Every structure is written in C-alpha cells, then in structure tokens.
Amino acid sequence: MSITDEEKVSITILLPGGRLPANIMETALGLARKYRLGLYLTTLQNLRLLDVPLSLLEEIKRPLADLGAEFKAHGRFPVPRVCVGIHHCKLGLIDTEALSRRILAHFAGKKTTKGKLKIAIAACAMGCPGIGTSDIGIVATRKGYDIFAGGKGGTYPKISRRIRQDVTEDEVIETLQTLIDFHDRKTVTKQRMYKLLDDPEFPFPAI
Ligand code: SF4
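Mapping the sequence shown onto the numbering used here, position 146 (from 1) lands on 368, and the numbers just tick up by one.
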C-alpha cells in the first residue's frame, strides 16, 4: 500500500490558555511541510495536524512530545476554552490563562474524566468563549466569579444556568471538583452536563 492509500489520522496538540508556544509552532510547521500535513485550529483552541499517515503517527508526535507538547486523548481532563483576558482586552478582569492553568494543575492527577465535558472561562460578563453553551462556564465579575452549568451547542442548543454567584477563585476550584465528581458518578462513558441538571442530587440549585 502506498502512503497515499494509507489510513490517515490526526494529532491534536493541547494548548492551555489558547497559547501556542513558538517552538511548538515552528516544529509543527516543519512537520507539516515535511509530511504534507494540514494545520487546523480547532474550535476548542487546540492545534490539530491533519492527514497524518497512521504508520508515521509516533514518528510525527515524537519531536512535539520532546518539546513538552501534550496530546488530546480519551479520558483526558478537558482544556478550558478561554477568552484572551485582562492583558489583551480592555473589558477583561482576570488572567484567563492563569486560571486555566490552575484548573489543569488541580486536576492533573485525575486518571480519567468521562467524556463530553466542555469548560469555558470568560474574563468578563460578555462571555465571549461560549459561556452560555458550555457544560461549565466560569465568568469573572467585579465581585468575584459566577459559575454556570448545563450549556451546549449543536443542533439543539441549551443555555446554561447560573449555579454560583460572587465566589472566590478557591471556591471556583471547589465547585468544579464537585461538578466533575458528580458528572463522573452519574455518567457511564460520556454525557453532557445538561442531562444532569434536573437530577434530584444535582449539587447546586439555579440562582
Ligand atoms: S469575555 Fe470580556 S474580557 Fe473576554 S474577550 Fe470577551 S469582552 Fe473581552
């Protein structure tokens, strides 16, 4: 079988905070040129290499892994989608990259996370990264953080409901832990959070 007939797969490089390190960008570009790959910025702010021949998958991943790149994989905790935050938007109230990294560090030891969860972080109430249509949405306000749950996009979108108001960053982490634990407990393999909102044991009322 020639390489053109071979099964093609993709490699998704996770980009916490939506930041693309220059060395990973350079290496990905070099790989794309060498192996004739496509480069795609995903809706969740990650970088995907397209048209990777299956037989070359590990060979192509290796130089990226050597730079510390992490890859999308089944059961990985989801990287939050963030807006650009305080340093680059005049309405911004927080450093979204820093909060995203704190969340990822908090859940770094978690072996598997059930699928279909999307987390969004907005640095102000405009909610640009899709707060209303994410499973968990975190919004910075002048009084702290509001947290939303149960949104989704797709053919039949659902708008999330607010479940916490004016909480601290530590309370954001605690709330996330409670929501993720609940989702884990109530989910077999994957499930959007909106399906759990009306469960009698859902840990937070709408406010
Ligand atoms: S959510 Fe607010 S701070 Fe973030 S990009 Fe949108 S307007 Fe700017």
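Yeah, the Cβ is synthetic: ideal placement off N, Cα and C, and Gly gets one too. None of these values were measured; they are calculated from a predicted model.
- Within its own chain, the residues whose Cβ lies closer than 8 Å to the Cβ of leucine 315, once the five positions on either side in sequence are excluded, are Ile308, Ala345, Cys346, Ala362, Thr363, Arg364, listed in chain order.
- The C-beta distance from lysine 412 to glycine 337 rounds to 3 Å, short enough to fall under 8 Å.
- Per the coordinates, the alpha-carbon of isoleucine 402 lies some 12 Å from the alpha-carbon of isoleucine 325.
- Taking 9 Å as the cut-off, the beta carbon of isoleucine 235 is found no closer than this to the beta carbon of alanine 327.
- Ranked by Cα distance from threonine 249, the first of Pro285, His405, Leu261 is Pro285.
- Within the same chain, Leu266, Gln267, Ala342, Pro351 come within 6 Å of arginine 303 by CB-CB distance, once the 5 residues on both sides are set aside.
- Between the C-alpha atoms of phenylalanine 293 and alanine 287 there is a straight-line separation of about 8 Å.
- For valine 394, the Cβ stays outside the 8 Å cut-off from all heavy atoms of ligand 1.
- Proximity annotation: ligand 1 has residues Cys305, Cys311, Leu313, Gly314, Ala344, Ala345, Cys346, Met348, Cys350 in chain order, each selected because its CB is closer than 5 Å to a heavy atom of the ligand.
- Note: valine 389 is bridge-paired with Tyr367 in the DSSP secondary-structure output.
- A Cβ-Cβ separation of about 6 Å places arginine 386 in contact with aspartate 368 under the 8 Å criterion.
- Distance from the CA atom of arginine 270 to the CA atom of arginine 323, rounded to whole angstroms, is 20 Å.
- Per DSSP, reduced to three states, the secondary structure at proline 351 is coil, with no helix or strand assignment.
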